[in-house]
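Chemist:
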Amino acid sequence: MSLSPRFIALLLACLISALTLAFLTFVEGVTYNMLFVVGISSFVISFFLVLYAIELLVFREVNKMYKTIHKLKIRDFTISRKSIIKNTNPFKKLNDEIFVYVAKKQKEIDELKRLELFRREFLADVSHELKTPIFAAQGFIHTLIDGAVDDENVRDKFLSKAAKSLDGLDALVKDLVALSQLETGEVKMNFDRVDLALVTKEIFDQLEDIASKKNTTLRLKTTEPGPVWVKADPQRILQVMTNLIENGVKYGNENGRVVVSLEGDKKHVLVSVRDDGPGIPPEHLSRIFERFYRVEKSRSKDRGGTGLGLAIVKHILNAHKAKITVMSKLEKGTTFRFKLDRLE
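Mapping to the numbering used here: the sequence shown position 60 is 75, numbers consecutive.
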(Lines of atoms letter the chains of each structure in order from A and count residues from 1; the text may use other names and numbers.)
(Lines give C-alpha, C1' and ligand atoms only; values in the text may rest on other atoms or scores of the structure.)
Protein backbone atom coordinates (compact mmCIF):
# COMPACT_ATOMS: atom_id res chain seq x y z
CA MET A 1 0.00 0.00 0.00
CA SER A 2 1.33 3.43 -0.97
CA LEU A 3 1.71 5.79 2.00
CA SER A 4 0.65 8.99 0.29
CA PRO A 5 0.26 12.23 2.32
CA ARG A 6 -3.56 12.03 2.04
CA PHE A 7 -3.70 8.42 3.23
CA ILE A 8 -1.49 9.20 6.23
CA ALA A 9 -3.55 12.32 7.01
CA LEU A 10 -6.76 10.28 6.79
CA LEU A 11 -5.49 7.63 9.23
CA LEU A 12 -4.24 10.21 11.72
CA ALA A 13 -7.44 12.27 11.45
CA CYS A 14 -9.56 9.17 12.14
CA LEU A 15 -7.37 8.29 15.13
CA ILE A 16 -7.50 11.82 16.57
CA SER A 17 -11.26 12.02 16.03
CA ALA A 18 -11.82 8.61 17.68
CA LEU A 19 -9.67 9.53 20.71
CA THR A 20 -11.50 12.86 21.06
CA LEU A 21 -14.90 11.15 21.00
CA ALA A 22 -13.69 8.48 23.44
CA PHE A 23 -12.71 11.10 25.99
CA LEU A 24 -15.95 13.07 25.48
CA THR A 25 -18.14 10.03 26.22
CA PHE A 26 -16.91 10.16 29.82
CA VAL A 27 -18.10 13.76 30.19
CA GLU A 28 -21.56 14.15 31.76
CA GLY A 29 -24.23 15.96 29.78
CA VAL A 30 -22.71 15.35 26.34
CA THR A 31 -25.36 14.60 23.73
CA TYR A 32 -25.08 12.55 20.56
CA ASN A 33 -25.43 15.71 18.46
CA MET A 34 -22.47 17.26 20.28
CA LEU A 35 -20.41 14.12 19.77
CA PHE A 36 -21.29 14.11 16.09
CA VAL A 37 -20.29 17.76 15.61
CA VAL A 38 -17.09 17.36 17.61
CA GLY A 39 -16.20 14.16 15.75
CA ILE A 40 -16.72 15.70 12.33
CA SER A 41 -14.94 18.94 13.30
CA SER A 42 -11.93 17.20 14.81
CA PHE A 43 -11.70 14.86 11.82
CA VAL A 44 -11.80 17.69 9.22
CA ILE A 45 -9.43 19.98 11.13
CA SER A 46 -7.00 17.16 11.91
CA PHE A 47 -7.08 15.90 8.33
CA PHE A 48 -6.15 19.25 6.79
CA LEU A 49 -3.58 20.16 9.45
CA VAL A 50 -1.82 16.81 9.16
CA LEU A 51 -2.04 16.90 5.35
CA TYR A 52 -0.54 20.39 5.30
CA ALA A 53 2.25 19.40 7.67
CA ILE A 54 3.13 16.23 5.79
CA GLU A 55 2.65 17.61 2.29
CA LEU A 56 4.50 20.90 2.70
CA LEU A 57 7.09 20.11 5.35
CA VAL A 58 8.03 16.56 4.43
CA PHE A 59 6.91 15.18 1.08
CA ARG A 60 7.43 18.38 -0.90
CA GLU A 61 10.97 18.80 0.43
CA VAL A 62 11.75 15.12 -0.13
CA ASN A 63 10.60 15.53 -3.74
CA LYS A 64 12.90 18.54 -4.00
CA MET A 65 15.75 16.35 -2.79
CA TYR A 66 15.06 13.98 -5.68
CA LYS A 67 15.11 16.96 -8.02
CA THR A 68 18.38 18.04 -6.44
CA ILE A 69 19.86 14.62 -7.12
CA HIS A 70 18.72 14.93 -10.72
CA LYS A 71 20.35 18.37 -11.00
CA LEU A 72 23.59 16.93 -9.66
CA LYS A 73 23.44 14.14 -12.21
CA ILE A 74 23.18 16.64 -15.07
CA ARG A 75 25.90 18.87 -13.52
CA ASP A 76 23.59 21.80 -12.77
CA PHE A 77 25.20 23.47 -9.76
CA THR A 78 23.30 26.77 -9.78
CA ILE A 79 22.09 27.75 -6.32
CA SER A 80 22.10 30.94 -4.26
CA ARG A 81 23.89 30.80 -0.93
CA LYS A 82 21.61 33.61 0.33
CA SER A 83 18.53 31.45 -0.18
CA ILE A 84 19.97 28.92 2.29
CA ILE A 85 20.68 31.51 4.94
CA LYS A 86 17.29 33.22 4.64
CA ASN A 87 15.19 30.04 4.58
CA THR A 88 13.81 28.94 7.98
CA ASN A 89 12.41 25.58 6.86
CA PRO A 90 14.81 22.97 8.34
CA PHE A 91 14.05 20.44 5.58
CA LYS A 92 14.66 23.09 2.95
CA LYS A 93 17.92 24.16 4.59
CA LEU A 94 19.02 20.54 4.86
CA ASN A 95 18.20 19.96 1.20
CA ASP A 96 20.14 23.04 0.07
CA GLU A 97 23.11 22.31 2.34
CA ILE A 98 23.33 18.78 0.95
CA PHE A 99 23.15 20.23 -2.56
CA VAL A 100 25.95 22.73 -1.92
CA TYR A 101 28.15 20.12 -0.26
CA VAL A 102 27.69 17.55 -3.01
CA ALA A 103 28.12 20.19 -5.71
CA LYS A 104 31.38 21.31 -4.14
CA LYS A 105 32.65 17.74 -3.92
CA GLN A 106 31.59 17.06 -7.50
CA LYS A 107 33.51 20.09 -8.70
CA GLU A 108 36.55 18.90 -6.76
CA ILE A 109 36.24 15.49 -8.42
CA ASP A 110 35.93 17.11 -11.85
CA GLU A 111 39.01 19.24 -11.13
CA LEU A 112 40.98 16.17 -10.03
CA LYS A 113 39.96 14.36 -13.22
CA ARG A 114 41.02 17.39 -15.26
CA LEU A 115 44.39 17.53 -13.48
CA GLU A 116 44.88 13.80 -13.97
CA LEU A 117 44.19 14.18 -17.68
CA PHE A 118 46.54 17.17 -17.77
CA ARG A 119 49.23 15.14 -16.00
CA ARG A 120 48.95 12.28 -18.50
CA GLU A 121 49.07 14.68 -21.44
CA PHE A 122 52.05 16.47 -19.90
CA LEU A 123 53.97 13.23 -19.39
CA ALA A 124 53.22 12.18 -22.95
CA ASP A 125 54.32 15.59 -24.27
CA VAL A 126 57.52 15.58 -22.21
CA SER A 127 58.36 12.07 -23.38
CA HIS A 128 57.82 13.07 -26.99
CA GLU A 129 59.74 16.34 -26.72
CA LEU A 130 62.71 14.66 -25.01
CA LYS A 131 62.70 11.70 -27.35
CA THR A 132 63.03 13.76 -30.53
CA PRO A 133 66.42 15.46 -29.85
CA ILE A 134 67.82 12.42 -28.03
CA PHE A 135 67.04 10.05 -30.92
CA ALA A 136 68.35 12.58 -33.44
CA ALA A 137 71.68 13.03 -31.64
CA GLN A 138 71.89 9.29 -31.02
CA GLY A 139 71.41 8.55 -34.73
CA PHE A 140 74.10 10.99 -35.83
CA ILE A 141 76.63 9.73 -33.26
CA HIS A 142 76.03 6.04 -34.01
CA THR A 143 76.41 6.75 -37.72
CA LEU A 144 79.81 8.28 -37.01
CA ILE A 145 80.81 5.36 -34.80
CA ASP A 146 79.84 2.90 -37.54
CA GLY A 147 82.49 4.38 -39.85
CA ALA A 148 81.26 7.75 -41.13
CA VAL A 149 83.78 9.47 -38.85
CA ASP A 150 86.51 8.81 -41.43
CA ASP A 151 84.77 11.11 -43.92
CA GLU A 152 85.67 14.62 -42.80
CA ASN A 153 82.71 16.32 -44.50
CA VAL A 154 80.17 13.83 -43.14
CA ARG A 155 81.78 13.93 -39.69
CA ASP A 156 81.57 17.71 -39.39
CA LYS A 157 78.02 17.78 -40.73
CA PHE A 158 76.77 15.06 -38.39
CA LEU A 159 78.58 16.47 -35.35
CA SER A 160 77.01 19.85 -36.07
CA LYS A 161 73.53 18.30 -36.28
CA ALA A 162 74.10 16.27 -33.10
CA ALA A 163 75.25 19.41 -31.28
CA LYS A 164 72.16 21.27 -32.48
CA SER A 165 69.90 18.47 -31.18
CA LEU A 166 71.67 18.49 -27.81
CA ASP A 167 71.42 22.28 -27.62
CA GLY A 168 67.67 21.93 -28.16
CA LEU A 169 67.53 19.29 -25.43
CA ASP A 170 69.45 21.57 -23.07
CA ALA A 171 67.04 24.47 -23.77
CA LEU A 172 64.06 22.19 -23.16
CA VAL A 173 65.39 20.94 -19.82
CA LYS A 174 66.19 24.50 -18.70
CA ASP A 175 62.68 25.65 -19.60
CA LEU A 176 61.14 22.68 -17.77
CA VAL A 177 63.17 23.48 -14.67
CA ALA A 178 62.26 27.18 -14.88
CA LEU A 179 58.56 26.39 -15.34
CA SER A 180 58.58 23.93 -12.44
CA GLN A 181 60.26 26.48 -10.16
CA LEU A 182 57.77 29.17 -11.14
CA GLU A 183 54.80 26.88 -10.51
CA THR A 184 56.06 25.78 -7.09
CA GLY A 185 57.02 29.30 -6.06
CA GLU A 186 60.72 28.47 -5.71
CA VAL A 187 61.62 31.44 -7.91
CA LYS A 188 61.11 34.68 -6.03
CA MET A 189 60.60 37.88 -7.96
CA ASN A 190 63.15 40.61 -7.21
CA PHE A 191 61.08 43.69 -7.94
CA ASP A 192 62.91 46.83 -8.98
CA ARG A 193 62.47 49.99 -11.02
CA VAL A 194 62.63 48.97 -14.68
CA ASP A 195 62.57 51.19 -17.77
CA LEU A 196 60.35 49.17 -20.08
CA ALA A 197 61.13 51.36 -23.09
CA LEU A 198 64.87 50.71 -22.68
CA VAL A 199 64.26 46.96 -22.21
CA THR A 200 62.24 46.87 -25.45
CA LYS A 201 64.95 48.69 -27.41
CA GLU A 202 67.59 46.26 -26.10
CA ILE A 203 65.47 43.33 -27.24
CA PHE A 204 65.06 44.94 -30.67
CA ASP A 205 68.87 45.08 -30.92
CA GLN A 206 69.19 41.41 -29.90
CA LEU A 207 66.62 40.30 -32.46
CA GLU A 208 67.88 42.50 -35.27
CA ASP A 209 69.47 39.63 -37.20
CA ILE A 210 66.36 37.42 -36.96
CA ALA A 211 64.11 40.31 -37.98
CA SER A 212 66.32 41.32 -40.92
CA LYS A 213 66.22 37.76 -42.34
CA LYS A 214 62.43 38.04 -42.60
CA ASN A 215 62.56 41.74 -43.42
CA THR A 216 60.39 42.40 -40.33
CA THR A 217 60.11 45.91 -38.93
CA LEU A 218 60.36 46.31 -35.15
CA ARG A 219 58.67 49.43 -33.77
CA LEU A 220 58.15 50.91 -30.30
CA LYS A 221 55.19 53.21 -29.57
CA THR A 222 54.84 55.10 -26.28
CA THR A 223 52.26 57.62 -25.10
CA GLU A 224 55.00 59.88 -23.76
CA PRO A 225 58.69 60.40 -24.57
CA GLY A 226 61.49 59.20 -22.33
CA PRO A 227 61.67 56.27 -19.90
CA VAL A 228 58.61 54.19 -18.98
CA TRP A 229 59.19 53.06 -15.41
CA VAL A 230 57.43 50.01 -14.04
CA LYS A 231 57.71 47.79 -10.98
CA ALA A 232 59.02 44.43 -12.16
CA ASP A 233 61.75 41.82 -11.89
CA PRO A 234 64.29 43.03 -14.49
CA GLN A 235 65.46 39.57 -15.57
CA ARG A 236 61.98 38.03 -15.72
CA ILE A 237 60.29 40.91 -17.51
CA LEU A 238 63.13 40.83 -20.06
CA GLN A 239 62.32 37.15 -20.57
CA VAL A 240 58.62 37.93 -21.06
CA MET A 241 59.19 40.73 -23.57
CA THR A 242 61.82 38.75 -25.47
CA ASN A 243 59.52 35.75 -25.84
CA LEU A 244 56.54 37.80 -27.07
CA ILE A 245 58.53 39.93 -29.50
CA GLU A 246 60.52 36.95 -30.82
CA ASN A 247 57.28 35.01 -31.37
CA GLY A 248 55.91 37.98 -33.33
CA VAL A 249 58.96 37.86 -35.59
CA LYS A 250 59.11 34.07 -35.95
CA TYR A 251 55.45 33.44 -36.62
CA GLY A 252 54.72 36.67 -38.47
CA ASN A 253 54.72 37.15 -42.22
CA GLU A 254 57.66 38.00 -44.40
CA ASN A 255 58.02 41.80 -44.74
CA GLY A 256 55.85 42.05 -41.64
CA ARG A 257 55.84 44.32 -38.62
CA VAL A 258 55.95 43.84 -34.85
CA VAL A 259 54.79 46.81 -32.78
CA VAL A 260 55.29 47.15 -29.02
CA SER A 261 53.00 49.74 -27.45
CA LEU A 262 53.47 51.17 -23.95
CA GLU A 263 50.41 53.12 -22.80
CA GLY A 264 50.68 54.67 -19.35
CA ASP A 265 48.14 56.07 -16.93
CA LYS A 266 48.49 57.14 -13.29
CA LYS A 267 48.76 53.62 -11.88
CA HIS A 268 49.60 51.18 -14.68
CA VAL A 269 51.38 50.70 -17.96
CA LEU A 270 49.50 48.70 -20.58
CA VAL A 271 51.94 46.66 -22.66
CA SER A 272 50.83 45.44 -26.10
CA VAL A 273 52.87 43.30 -28.50
CA ARG A 274 51.18 43.18 -31.90
CA ASP A 275 52.15 41.48 -35.15
CA ASP A 276 50.46 41.44 -38.55
CA GLY A 277 50.99 37.74 -39.14
CA PRO A 278 48.54 34.98 -40.13
CA GLY A 279 46.79 35.03 -36.74
CA ILE A 280 45.65 32.22 -34.47
CA PRO A 281 42.43 30.27 -35.12
CA PRO A 282 39.77 30.95 -32.44
CA GLU A 283 39.67 27.32 -31.28
CA HIS A 284 43.34 27.54 -30.24
CA LEU A 285 43.26 30.84 -28.33
CA SER A 286 42.19 29.33 -25.00
CA ARG A 287 45.05 26.80 -25.04
CA ILE A 288 48.12 28.64 -26.31
CA PHE A 289 49.41 29.21 -22.76
CA GLU A 290 49.43 25.48 -22.03
CA ARG A 291 52.75 23.66 -21.84
CA PHE A 292 53.91 22.22 -25.18
CA TYR A 293 50.77 23.42 -26.96
CA ARG A 294 51.49 24.44 -30.53
CA VAL A 295 48.99 25.82 -33.01
CA GLU A 296 50.83 24.26 -35.96
CA LYS A 297 53.11 21.60 -34.58
CA SER A 298 55.23 20.98 -37.66
CA ARG A 299 55.80 24.64 -38.52
CA SER A 300 56.42 25.55 -34.87
CA LYS A 301 59.15 22.94 -34.52
CA ASP A 302 60.79 24.13 -37.72
CA ARG A 303 61.09 27.58 -36.18
CA GLY A 304 62.64 26.24 -32.99
CA GLY A 305 61.48 26.75 -29.44
CA THR A 306 60.52 24.32 -26.71
CA GLY A 307 56.77 24.94 -26.64
CA LEU A 308 57.06 26.26 -23.07
CA GLY A 309 57.64 29.95 -23.78
CA LEU A 310 54.10 31.22 -23.36
CA ALA A 311 53.50 29.01 -20.31
CA ILE A 312 56.58 30.59 -18.68
CA VAL A 313 55.38 34.06 -19.70
CA LYS A 314 52.01 33.45 -18.07
CA HIS A 315 53.55 32.26 -14.79
CA ILE A 316 56.01 35.17 -14.63
CA LEU A 317 53.21 37.68 -15.15
CA ASN A 318 51.06 35.88 -12.57
CA ALA A 319 53.92 36.40 -10.11
CA HIS A 320 53.74 40.11 -11.03
CA LYS A 321 49.97 39.97 -10.30
CA ALA A 322 49.35 40.67 -13.96
CA LYS A 323 47.11 38.80 -16.38
CA ILE A 324 48.06 38.32 -20.01
CA THR A 325 45.36 38.30 -22.68
CA VAL A 326 45.47 37.50 -26.38
CA MET A 327 43.38 38.70 -29.29
CA SER A 328 43.81 37.42 -32.81
CA LYS A 329 42.17 37.61 -36.21
CA LEU A 330 43.05 35.32 -39.08
CA GLU A 331 45.23 37.01 -41.71
CA LYS A 332 45.30 40.21 -39.62
CA GLY A 333 47.60 39.39 -36.75
CA THR A 334 47.81 38.72 -33.03
CA THR A 335 48.06 41.01 -30.00
CA PHE A 336 49.23 40.09 -26.50
CA ARG A 337 48.41 42.50 -23.65
CA PHE A 338 49.19 42.82 -19.97
CA LYS A 339 49.48 45.55 -17.32
CA LEU A 340 52.29 46.37 -14.91
CA ASP A 341 52.36 48.74 -11.95
CA ARG A 342 53.73 52.12 -12.95
CA LEU A 343 56.50 53.95 -11.07
CA GLU A 344 57.43 57.60 -11.45
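A virtual CB, placed ideally from N, CA and C, is assigned to each residue, including glycine.
Predicted model, so just to flag it, every value in this text is computed and none were measured.
Drop a sphere of 10 angstroms on the beta-carbon of Y266, count the other beta-carbons inside from all chains shown, and report buried for 16 or more, exposed for fewer.
Modeler: As a first step, residue 266 must be located in the sequence shown, where it is residue number 251. With 16 or more other Cβ atoms within 10 Å, it is buried.
Chemist: Taking 7 Å as the threshold (C-beta atoms), are G294 and S343 in contact?
Modeler: Stepping through the sequence shown from its first residue, residue 343 is reached at position 328. Stepping through the sequence shown from its first residue, residue 294 is reached at position 279. For S343 and G294, yes; Cβs fall inside 7 Å.
Chemist: Which of the three DSSP states is assigned to A334 in this structure?
Modeler: Numbered from its first residue, the sequence shown carries residue 334 at position 319. Looking at A334 - three-state DSSP - the assignment turns out to be helix.
Chemist: Evaluate K354 with the Cβ neighbour count: other Cβ atoms within 10 Å of its Cβ, from every protein chain shown; 16 or more gives buried, anything less gives exposed.
Modeler: Stepping through the sequence shown from its first residue, residue 354 is reached at position 339. So K354 counts as buried.
Chemist: Determine the direct distance from the alpha carbon of E144 to that of D161, and round the result to whole angstroms.
Modeler: Start at 1 with the first residue of the sequence shown, and residue 161 comes out as number 146. Start at 1 with the first residue of the sequence shown, and residue 144 comes out as number 129. D161 and E144: Cα-Cα distance of roughly 26 Å.
Chemist: If you compare alpha carbons, which of T238, V284, D210 is closest to W244?
Modeler: As a first step, residue 244 must be located in the sequence shown, where it is residue number 229. If we check each option's Cα against that of W244, D210 comes out closest.
Chemist: According to DSSP, G279 sits in a beta bridge with which residue or residues?
Modeler: Position 264 of the sequence shown, counting from 1, holds the residue named residue 279. Paired residue(s): V284.
Chemist: By the DSSP assignment, the beta strand (DSSP E) with T215 in it spans what residues?
Modeler: The residue labelled residue 215 in the question sits at position 200 within the sequence shown. Not the beta strand (DSSP E): T215 falls in the alpha helix (DSSP H), residues 211 to 221.
Chemist: Output needed for F155: all residues of its chain with C-beta closer than 8 Å, excluding positions within five of it in sequence on either side, in chain order.
Modeler: Residue numbering aside, residue 155 sits at position 140 when the sequence shown is read from its first letter. The answer, listed in chain order, is F173, L174, K176, A177, S180.
Chemist: Quick check on DSSP: helix, strand or coil for T46?
Modeler: Position 31 of the sequence shown holds residue 46. Correct three-state label for T46: coil.
Chemist: Touch check for the stretch 183 to 200 and the stretch 212 to 219: three-plus C-beta pairs under 8 Å?
Modeler: no
Chemist: Return the chain-ordered list of same chain residues with a C-beta closer than 7 Å to the C-beta of G348, the five sequence neighbours on each side being excluded.
Modeler: By 1-based counting over the sequence shown, the position of residue 348 is 333. Excluding sequence neighbours, G348 sits near R289, D290, D291, G292, G294.
Chemist: By alpha-carbon positions, which one of D224, F304, L132, T147 ends up nearest to L187?
Modeler: For the purposes of this step, residue 187 is taken as the residue at position 172 of the sequence shown. Looking at the Cα atoms, T147 is the closest of the given residues.
Chemist: What's the call for M256, buried or exposed, on a 16-neighbour Cβ count within 10 Å?
Modeler: Counted from its first residue, the sequence shown places residue 256 at position 241. It counts as buried.
Chemist: On the three-state DSSP scale, how would you describe F22?
Modeler: Against the sequence shown, residue 22 aligns to sequence position 7. The answer is helix: DSSP assigns F22 an H, G or I state.
Chemist: Counting Cβ pairs closer than 8 Å, one from the stretch 296 to 305 and one from the stretch 234 to 244, do we hit at least three?
Modeler: no
Chemist: When burial is assigned at 16 or more other CB atoms within 10 Å of the CB, is R306 buried or exposed?
Modeler: By 1-based counting over the sequence shown, the position of residue 306 is 291. Buried.
Chemist: As a quick exercise: from N48, K236, G54, pick the residue whose alpha carbon is nearest that of V284.
Modeler: The count along the sequence shown starts at 1 and reaches residue 284 at position 269. Taking only the C-alpha atoms, the option nearest V284 is K236.
Chemist: Under 8 Å Cβ to Cβ from L358, same chain only, skipping five residues before and after it: list those, please.
Modeler: By one-based count along the sequence shown, residue 358 stands at place 343. Counting only residues of its own chain and dropping the five nearest sequence neighbours on each side, L358 has a CB closer than 8 Å to the CB of R208, W244, V245, K246.
Chemist: Taking all protein chains shown into account, decide if T231 is buried (16 or more other Cβ within 10 angstroms of its Cβ) or exposed.
Modeler: Stepping through the sequence shown from its first residue, residue 231 is reached at position 216. T231 is buried by the Cβ-count criterion.
Chemist: Give me the residue from E126, G322, K229, K79 with the minimum Cα distance to F114.
Modeler: In the sequence shown, counting from the first residue as 1, residue 114 sits at position 99. It is K79.
Chemist: Three-state secondary structure (DSSP) at A203?
Modeler: Within the sequence shown, the letter at position 188 stands for residue 203. Here residue 203 is Lys; the residue named in the question, Ala, does not match the sequence. The answer is coil: DSSP assigns K203 none of H, G, I, E or B.
Chemist: Compute the Euclidean distance between the alpha carbons of R309 and G322, then round it to the nearest angstrom.
Modeler: On the sequence shown, position 294 is the one that residue 309 refers to. On the sequence shown, position 307 is the one that residue 322 refers to. Cα to Cα, R309 sits roughly 7 Å from G322.
Chemist: Rounding to the nearest angstrom, what Cα-Cα distance links Q153 and E167 in this structure?
Modeler: For the purposes of this step, residue 153 is identified with residue 138 of the sequence shown, where counting begins at 1. For the purposes of this step, residue 167 is identified with residue 152 of the sequence shown, where counting begins at 1. Roughly 19 Å between the two C-alpha positions.
Chemist: Can you tell which of I331, R21, N333, G200 has the C-alpha that lies nearest to the C-alpha of V73?
Modeler: What you label residue 73 is simply residue 58 of the sequence shown in a count that begins at 1. Comparing Cα-Cα distances from V73 to each of I331, R21, N333, G200, the minimum goes to R21.
Chemist: Note the first and the last residue of the continuous beta strand (DSSP E) segment covering R234.
Modeler: To locate residue 234, count along the sequence shown from 1; it is residue 219. Its beta strand (DSSP E) spans residues 232 to 237.
Chemist: Indicate whether I69 and I23 have their beta-carbon atoms separated by less than 7 Å.
Modeler: Here residue 69 is taken as the residue at index 54 of the sequence shown, counted from 1. Here residue 23 is taken as the residue at index 8 of the sequence shown, counted from 1. Yes. Within cutoff.
Chemist: For a test of the three-state rule: what should DSSP assign to K354, helix, strand or coil?
Modeler: Numbered from 1 along the sequence shown, position 339 holds the residue referred to as residue 354. DSSP places K354 in strand when its eight states are reduced to three.
Chemist: Which class does I339 belong to by DSSP, given the choice of helix, strand or coil?
Modeler: Walking along the sequence shown from the start, residue 339 turns up at place 324. Three-state result, I339: coil.
Chemist: Identify every residue that forms a DSSP beta bridge with A247.
Modeler: What you label residue 247 is simply residue 232 of the sequence shown in a count that begins at 1. The partner list for A247 (beta bridge, DSSP) reads D207.
Chemist: I need the DSSP call for I100, collapsed to helix, strand or coil.
Modeler: Taking the sequence shown and counting its residues from 1, the one referred to as residue 100 is at position 85. For I100, the predicted structure reports a pLDDT of 46, less than 50, and the residue's modelled location is therefore unreliable. The matter cannot be settled from this model.
Chemist: If you reduce the DSSP assignment to three classes, tell me which class K344 lands in.
Modeler: Position 329 of the sequence shown, counting from 1, holds the residue named residue 344. In this structure, K344 counts as strand in the three-state DSSP scheme.
Chemist: Could you tell me the alpha carbon to alpha carbon distance between H157 and D171, rounded to whole angstroms?
Modeler: Reading the sequence shown from its first residue, position 142 is the one you call residue 157. Reading the sequence shown from its first residue, position 156 is the one you call residue 171. So the two alpha carbons sit approximately 14 Å from each other.
Chemist: Judging by CA-CA distance, which residue of R352, V141, L159 is the nearest neighbour of L184?
Modeler: Taking the sequence shown and counting its residues from 1, one reaches residue 184 at position 169. Nearest option by C-alpha distance: V141.
Chemist: Tell me V115's beta-bridge partners as DSSP assigns them.
Modeler: Working through the sequence shown from its first residue, we reach residue 115 at position 100. BP columns for V115 are empty, so no partner.
Chemist: For V65 and L130, I'd like the C-alpha separation in whole angstroms.
Modeler: Position 50 of the sequence shown holds residue 65. Position 115 of the sequence shown holds residue 130. The alpha-carbon atoms of V65 and L130 are separated by roughly 51 Å.
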